[in-house]
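Chemist: 11 is the number of the first residue of the sequence shown in our numbering; add one for each residue after it.
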Amino acid sequence: MEDIRNYINTLRHDFSKQSLTESDAHSNPIDQFSQWFHEAVDAKVNEPNAMTLCTVSAECKPSARILLLRNFNEKGFVFYTNYKSRKGEEIEMNQNAALLFFWPELERQVRIEGIIEKQSKEESDLYFNSRPRTSKLGAWTSPQSKVIRDRKMLDEAYGKFDKEYPGENVPRPEHWGGYVLKPQRIEFWQGRPSRLHDRLLFTNENDNWKIERLAP
Ligand SMILES: Cc1cc2nc3c(=O)[nH]c(=O)nc-3n(C[C@H](O)[C@H](O)[C@H](O)COP(=O)(O)O)c2cc1C
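1) Applying the criterion that 16 or more other CB atoms from any shown protein chain within 10 Å of the CB defines a buried residue, is Lys220 buried or exposed?
2) Is Lys146 closer than 8 angstroms to Val180 when the C-beta atoms are compared?
3) Please confirm whether any heavy atom of ligand 1 lies closer than 7 angstroms to the CB of Leu77.
4) Measuring CA to CA, which of Gln105, Leu109 and Ser73 is closest to Arg96?
5) Just to confirm the assignment, what range does the beta strand (DSSP E) spanning Gly124 have?
6) Does DSSP put Pro226 in a helix, in a strand, or in coil?
7) Which residue marks the beginning of the beta strand (DSSP E) containing Phe198, and which one marks its end?
8) Quick check for students: name the residue ranges of the alpha helix (DSSP H) that lie wholly in the segment 22–104, counting only runs of 4 or more.
9) Between which residues of its own chain and Gly201 is the CB-CB distance below 6 angstroms, once the five residues before and five after are set aside?
10) Have a look at Leu110, Glu115 and Lys131 and flag the residue whose alpha-carbon is nearest the alpha-carbon of Glu123.
11) What residue does the alpha helix (DSSP H) around Glu8 start on, and which one ends it?
12) Decide if Pro39 is buried, meaning its Cβ has at least 16 other Cβ atoms within 10 Å, or exposed.
13) Looking at the unbroken alpha helix (DSSP H) that takes in Asn106, where does it start and where does it end?
14) One question on the structure: do Glu100 and Thr65 come within less than 8 angstroms of each other, judged by their Cβ atoms?
15) Tell me the rounded alpha-carbon separation between Cys227 and Thr20.
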């Protein structure tokens, strides 16, 4: 145990792969995100669309978990989940949230903060219908975030929905769908030598994006 603590202290990585200057950056952060996302895919980053979502409860207590980004555009960043899950309940009470991407292979981090809204039922249907049947049944089966008796309970529930919805045409449960995080701040972080990293912050002011450099 002591060995692993000593080992942690030896972990030091000097970032040196790239830089991010004001003249390199796009004037619109969605274009900048798009460029970095493409580069993460090209660099074969493991699960490049995996991101941390941080929500805050009505009692101002934060909680974080990994989700998969499913779309992004000028309107925001889209993910899918169970509306009755812990995160769903927190979003219901407090729409402020943050997303975080870490692409270690590129020594990059992107921090996104804004307000979350539910996607329209039509958009959620469209995405739900594109999922494999097993995932559709999984959405019916799991009372996400609730305490359950045992694993068997999930297998039995899956079997029940498997019989109830034979074939590909599984309807979307009302409690499952998309959310869009509408960004107000997006920060692009590029690791640099000597811990003097590049940090460019975009802030939305009356539908215009202001760009500023932050100290590392
Ligand atoms: C790589 C990865 C991807 C995940 N993607 C999703 C996702 O897209 N939607 C989702 O609801 N949960 C996803 N999860 C599970 C969540 O991290 C979390 O366990 C679940 O959403 C329940 O969170 P909550 O109790 O805070 O609501 C993913 C987990 C991992 C590790």
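Just so you know, even glycine gets a beta-carbon here, dropped at the ideal spot from N, CA and C.
Modeler: According to the structure shown:
1) exposed
2) yes
3) yes
4) Ser73
5) Arg118 to Lys128
6) coil
7) Trp186 to Gln200
8) 39–52 and 96–103
9) Phe25, Glu117 and His207
10) Leu110
11) Outside the shown range of the chain (11 to 226) lies residue 8, about which nothing can therefore be said.
12) buried
13) No alpha helix (DSSP H) contains Asn106, which is instead part of the beta strand (DSSP E) from Asn106 to Trp113.
14) yes
15) A query on residue 227 cannot be resolved here, the shown segment of the chain reaching from 11 to 226 and no further.
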